[in-house]
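Trainee:
Number of protein chains: 2
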Amino acid sequence: MKRFYALFVGGALLLAGAVGVAMASGHGLASYKDNFEPITVMYVDNPDNPVTPEKVELGRKLYHDPRLSKSGLFSCNTCHNIATWGMSKLPVDIGHQWRLGPVNSGTVFNAAFYEAQFWDGRAADLEEQAKGPILAHEEMAMPSEELAVERIASIPEYVSRFKVSFPEDAEPLTYDNIANAIAAFERTLLTPGRWDRFLLGDNDSLSRAEHEGMKAFVDMGCARCHNGVALGGGFEKMGLVNNYPSESPSQGRYDVTGKQEDKNVFKMTTLRNIEHTYPYFHDGAVWELEEAVRIMARLQLGRQLNDAETKSIVTFLKALTGEIPEHALRLPVLPASTAATPRPDPS
Amino acid sequence: MKRFYALFVGGALLLAGAVGVAMASGHGLASYKDNFEPITVMYVDNPDNPVTPEKVELGRKLYHDPRLSKSGLFSCNTCHNIATWGMSKLPVDIGHQWRLGPVNSGTVFNAAFYEAQFWDGRAADLEEQAKGPILAHEEMAMPSEELAVERIASIPEYVSRFKVSFPEDAEPLTYDNIANAIAAFERTLLTPGRWDRFLLGDNDSLSRAEHEGMKAFVDMGCARCHNGVALGGGFEKMGLVNNYPSESPSQGRYDVTGKQEDKNVFKMTTLRNIEHTYPYFHDGAVWELEEAVRIMARLQLGRQLNDAETKSIVTFLKALTGEIPEHALRLPVLPASTAATPRPDPS
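Heads up: the sequence lines are chains Y and W, in that order. If you want my numbering, it's the position in the first sequence, counting the first as 1, plus 275. If you want my numbering, it's the position in the second sequence, counting the first as 1, plus 275.
1) Could you tell me whether the Cβ atoms of Thr545/Y and Ala484/Y are closer together than 9 Å?
2) How would you call Gly533/W, buried or exposed, if buried means at least 16 neighbouring beta carbons within 10 angstroms?
3) Taking CB distances under 9 Å as the criterion, tell me whether Glu402/Y reaches chain W.
4) Which residue marks the beginning of the beta strand (DSSP E) containing Val540/Y, and which one marks its end?
5) Please go through the same chain and pick out, in chain order, the residues whose beta-carbon is closer than 6 Å to the beta-carbon of Glu402/Y, but skip the five residues on each side of it.
6) What residues in the segment 454-465 of chain W bring their beta carbon closer than 7 Å to a beta carbon of chain Y?
7) From the beta carbon of Lys586/W, is the nearest beta carbon of chain Y less than 9 Å away?
8) Do Leu475/Y and Pro313/Y have their C-beta atoms within less than 9 Å of each other?
9) Cβ atoms of Ala399/W and Glu461/W: under 9 Å apart, would you say?
10) For Ala416/Y, decide whether its Cβ has a neighbour in chain W, counting only Cβ atoms nearer than 9 Å.
11) Less than 7 Å between C-beta atoms, sequence neighbours within five positions excluded: which residues of the same chain meet that for Tyr338/Y?
12) Taking just the CA atoms, how far does Ala615/Y sit from Asp582/W?
13) If you draw a straight line from the alpha carbon of His355/Y to that of Glu446/W, how long is it in whole angstroms?
14) Looking at Asn548/W: is its Cβ nearer than 9 Å to the Cβ of Thr596/W?
15) Is Gln432/Y close to chain W, meaning its C-beta is less than 9 Å from at least one C-beta of that chain?
16) Under the rule that 16 or more other beta-carbon atoms within 10 Å means buried, what is Leu625/Y, buried or exposed?
17) What does the alpha-carbon distance come out to for the pair Ser306/W and Met489/W?
18) Please list, in chain order, all residues of the same chain as Asp320/W whose beta carbon is under 6 Å from its beta carbon, the five residues on each side excluded.
19) Counting only beta-carbon atoms, is Pro617/W nearer than 9 Å to chain Y?
20) Is Ala299/Y close to chain W? Criterion is C-beta to C-beta, closer than 9 Å.
21) Evaluate Asn379/W with the Cβ neighbour count: other Cβ atoms within 10 Å of its Cβ, from every protein chain shown; 16 or more gives buried, anything less gives exposed.
22) Can you give the Cα-Cα distance for Ile588/W and Asp471/Y, rounded to whole angstroms?
23) Is it buried or exposed, Gly577/W, if we count other Cβ atoms within 10 angstroms and call 16 or more buried?
24) Please work out which residues of its chain come closer than 7 Å, Cβ to Cβ, to Glu487/Y, disregarding the five sequence neighbours upstream and downstream, and give them in chain order.
25) Run through DSSP, which three-state label would Tyr555/Y get?
26) Taking the C-alpha atoms as reference points, what is the distance between Pro619/Y and Lys364/W?
27) Got a sec, what are the start and stop residues for the beta strand (DSSP E) Phe510/W sits in?
28) Just the chain Y side, please: which residues come within less than 8 Å of Ser419/W by C-beta, in chain order?
29) Between the alpha carbons of Leu604/W and Gly361/W, how many angstroms are there, rounded?
30) Between the alpha carbons of Gly236/W and Ala405/W, how many angstroms are there, rounded?
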């Protein structure tokens, strides 16, 4: 994709040179664009869990099914709400028995592009991620994988959907495949938009002010970490230059590896749709995008941004808002429980 | 509508007589059908709150917006989940601070046909109903109407949507109009299906066993209460012949009127989609439709149903499952909060 994109831009510049006009309107954008990649796919496939229409439909149902929580109150969609850009927009989430989680729920949109999942990267991919919250004490609180499987396996429509979604598996309905189906759905939750049209050659899909904001973003060094297709999704220390004071118990990647150098190293959230994915940072402590930008500049670059600089960066960041695809906004109709379905339990 | 329907069926019978064939296949269904009415509208209008496309779209957003709850966790859709046939399917709902409600949440589908709203009928219509849960201590727990309005009014997209939805109001964004918009959306949540095609003359859209079930339902006296378009929605004493033992604190309509004769008088839930709207009764104590039918027969009719009778009635009841309209399954994209938006508060 990267290679294709580079060729494409090369061609566009050549053409611009030939007609001798458009260079000015592009005003040297190409080298800036080279930090980023457009979304050019409908989904991010996983060879170990290929995205198929059957699996996506099954995953859509499971994603919205509150029976995957002990109480029957929470579905994946509760904390990663499609209607609110893939997250709950709460600083930290409210889970079983009104327990508050330690960190902010990230957006599910474009998470398929991440290097790893969760703020501390403890899951390698979406397939592994999906298995966590269902069992987590302060989230959906299912007492065991077995009970999750038992709930789902008690519903005939699910049984047959697992069969057609995982036709090669001797036992299609497993906890792993519940997660695989959910992940397949999530792999389709991408939000291309005018930013991608811009990267693909349509300079006019961003305004002049947005062009300038992108340049400032790159020139200041933001794109050293926030680059590629997700403008995030890799790991970085929160507080490269100055410390970030936080009340969160999380120490990021250190909680997983125990290595000193991983203290306060977090997986970077994508900057796509960032104007909608507040409150910001792993502790959800910051509500305003302007403030988040100022904090990042101070912590990571040791820079005190002035108002004009902040405004310019924010103008650029707002150009990263994409479009939620229609199919993502379609609610499933969930199949009925049966006499064999273990009951919801709020205790 | 009733009048039109009667004429229509009369015409169908006349035609059947003329061709001298179809009478047997109808085997005297007409007088049974006369207890019921089909859904023939796309929405149930309210002259005091006319349903308009603008209002429905605004209502869709508000219905799914968790910012109408103090914590930011609950939207109308949490307890009246479109994906699970308009309710949560919990015995009683879990609300703010994990408080459990006193009664089961009813389905929103076809609720527009009800005589009154809530199990005790304390709201005259959906417009009045929608104002309740937002403020209820054990539900969405907003501390005041003012805070609900303040949250919504801090969001520019909502402000302009209220203006176009309530163009004649000097002050369009009020707590009453929040409820009016939600109710307008709910007034479109109807689920016509093969039952309605049957009532409108297509006898084959129900099987013979379903025809027989309908006859048993009427002959036993069930349709004395469960009739009309919703097969429910009016008031009746729960326990006309035998008492219903319940742990629920609710005494039904008595809680509103204080009249002895209203003790344990409840608004009847619609029987449309009843196979999906478990658990049953105001206390959500009964999970199986078969058991609910047996209990109703014993309590209301003093009848002990045998297995064949129960099965026949249940067969009929399952024919009352309609189709959730596509538009109801479309999630909105919610507009972003602003610096002026009062923050969610889980306390």
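Cβ atoms here follow ideal geometry from the backbone N, Cα and C, with glycine treated the same way.
Mentor: Looking at the atomic coordinates:
1) The residue you call residue 545/Y lines up with position 270 of the first sequence. The residue you call residue 484/Y lines up with position 209 of the first sequence. No; because the gap between Cβ atoms is not below 9 Å, this pair is not in contact.
2) Translated into positions along the second sequence, residue 533/W becomes position 258. Gly533/W should be labelled exposed.
3) The residue given as residue 402/Y occupies position 127 in the first sequence. Answer no: the Cβ-Cβ gap between Glu402/Y and chain W never drops below 9 Å.
4) Locating residue 540/Y in the first sequence gives position 265, where the first residue counts as 1. Its beta strand (DSSP E) spans residues Val540 to Lys542.
5) Here residue 402/Y refers to the residue found at position 127 of the first sequence. Here the set comprises Asn324, Ala454, Asn455 and Ala458.
6) none
7) Counted from its first residue, the second sequence places residue 586/W at position 311. Under the Cβ criterion of 9 Å, Lys586/W is not counted among the residues facing chain Y.
8) As a working note, residue 475/Y is residue 200 in the first sequence. As a working note, residue 313/Y is residue 38 in the first sequence. Yes, the Cβ-Cβ distance between Leu475/Y and Pro313/Y is below 9 Å.
9) Translated into the one-based positions of the second sequence, residue 461/W becomes position 186. Translated into the one-based positions of the second sequence, residue 399/W becomes position 124. Cβ distance not < 9 Å, so Glu461/W and Ala399/W don't count as in contact.
10) On the first sequence, residue 416/Y is found 141 positions in, with the first residue counted as 1. Chain W contact via Cβ: absent.
11) As a first step, residue 338/Y must be located in the first sequence, where it is residue number 63. Sequence-distant Cβ neighbours of Tyr338/Y in its own chain, meaning closer than 7 Å and more than five residues away, are Ser350, Cys351, Asn352, Ile457 and Phe460.
12) In the second sequence, residue 582/W corresponds to position 307, counting from 1. In the first sequence, residue 615/Y corresponds to position 340, counting from 1. Distance between the alpha carbons of Asp582/W and Ala615/Y: 20 Å.
13) In the first sequence, the residue the question calls residue 355/Y occupies position 80. In the second sequence, the residue the question calls residue 446/W occupies position 171. Roughly 34 Å between the two C-alpha positions.
14) Translated into the one-based positions of the second sequence, residue 548/W becomes position 273. Translated into the one-based positions of the second sequence, residue 596/W becomes position 321. Yes. Within cutoff.
15) Residue numbering aside, residue 432/Y sits at position 157 when the first sequence is read from its first letter. The identity of residue 432/Y in the sequence shown is Glu, whereas the question assumes Gln. The beta-carbon of Glu432/Y is placed no less than 9 Å from the nearest beta-carbon of chain W.
16) Residue 625/Y lies beyond the range of chain Y shown here (276 to 622); nothing can be said about it.
17) In the second sequence, the residue the question calls residue 306/W occupies position 31. In the second sequence, the residue the question calls residue 489/W occupies position 214. If you take the alpha carbons of Ser306/W and Met489/W, they lie about 11 Å apart.
18) Walking along the second sequence from the start, residue 320/W turns up at place 45. For Asp320/W, the CB contacts under 6 Å within the same chain, skipping 5 residues up- and downstream, are Val326 in chain order.
19) To locate residue 617/W, count along the second sequence from 1; it is residue 342. Chain Y, which has no Cβ nearer than 9 Å to the Cβ of Pro617/W, makes this no.
20) Counting from one through the first sequence, the residue named residue 299/Y turns up at place 24. Residue placement at Ala299/Y cannot be trusted, given a pLDDT of 46 that sits under 50; what the coordinates show is reported in the next sentence. No, its Cβ sits nowhere closer than 9 Å to a Cβ of chain W.
21) Within the second sequence, the letter at position 104 stands for residue 379/W. Classification for Asn379/W: buried.
22) Numbered from 1 along the second sequence, position 313 holds the residue referred to as residue 588/W. Numbered from 1 along the first sequence, position 196 holds the residue referred to as residue 471/Y. Between Ile588/W and Asp471/Y, the C-alpha separation is close to 57 Å.
23) Walking along the second sequence from the start, residue 577/W turns up at place 302. Counting other Cβ atoms within 10 Å of its Cβ, Gly577/W stays below 16 and is therefore classed as exposed.
24) Walking along the first sequence from the start, residue 487/Y turns up at place 212. Cβ neighbours of Glu487/Y beyond the five flanking positions: Ser587.
25) Within the first sequence, numbered from 1, the residue matching residue 555/Y stands at position 280. Assigned with DSSP and collapsed to three states, Tyr555/Y falls in strand.
26) Here residue 619/Y refers to the residue found at position 344 when the first sequence is read from its first residue. Here residue 364/W refers to the residue found at position 89 when the second sequence is read from its first residue. Approximately 9 Å, taken between the alpha carbons.
27) In the second sequence, the residue the question calls residue 510/W occupies position 235. Here the beta strand (DSSP E) through Phe510/W covers Phe510 to Lys512.
28) Translated into the one-based positions of the second sequence, residue 419/W becomes position 144. Under the 8 Å cutoff, chain Y gives no residues; its nearest Cβ is about 21 Å from Ser419/W.
29) Mapped onto the second sequence, residue 604/W falls at position 329. Mapped onto the second sequence, residue 361/W falls at position 86. Cα to Cα, the separation comes out at about 11 Å.
30) Because chain W is modelled from 276 through 622, residue 236/W falls outside the range shown and cannot be assessed.
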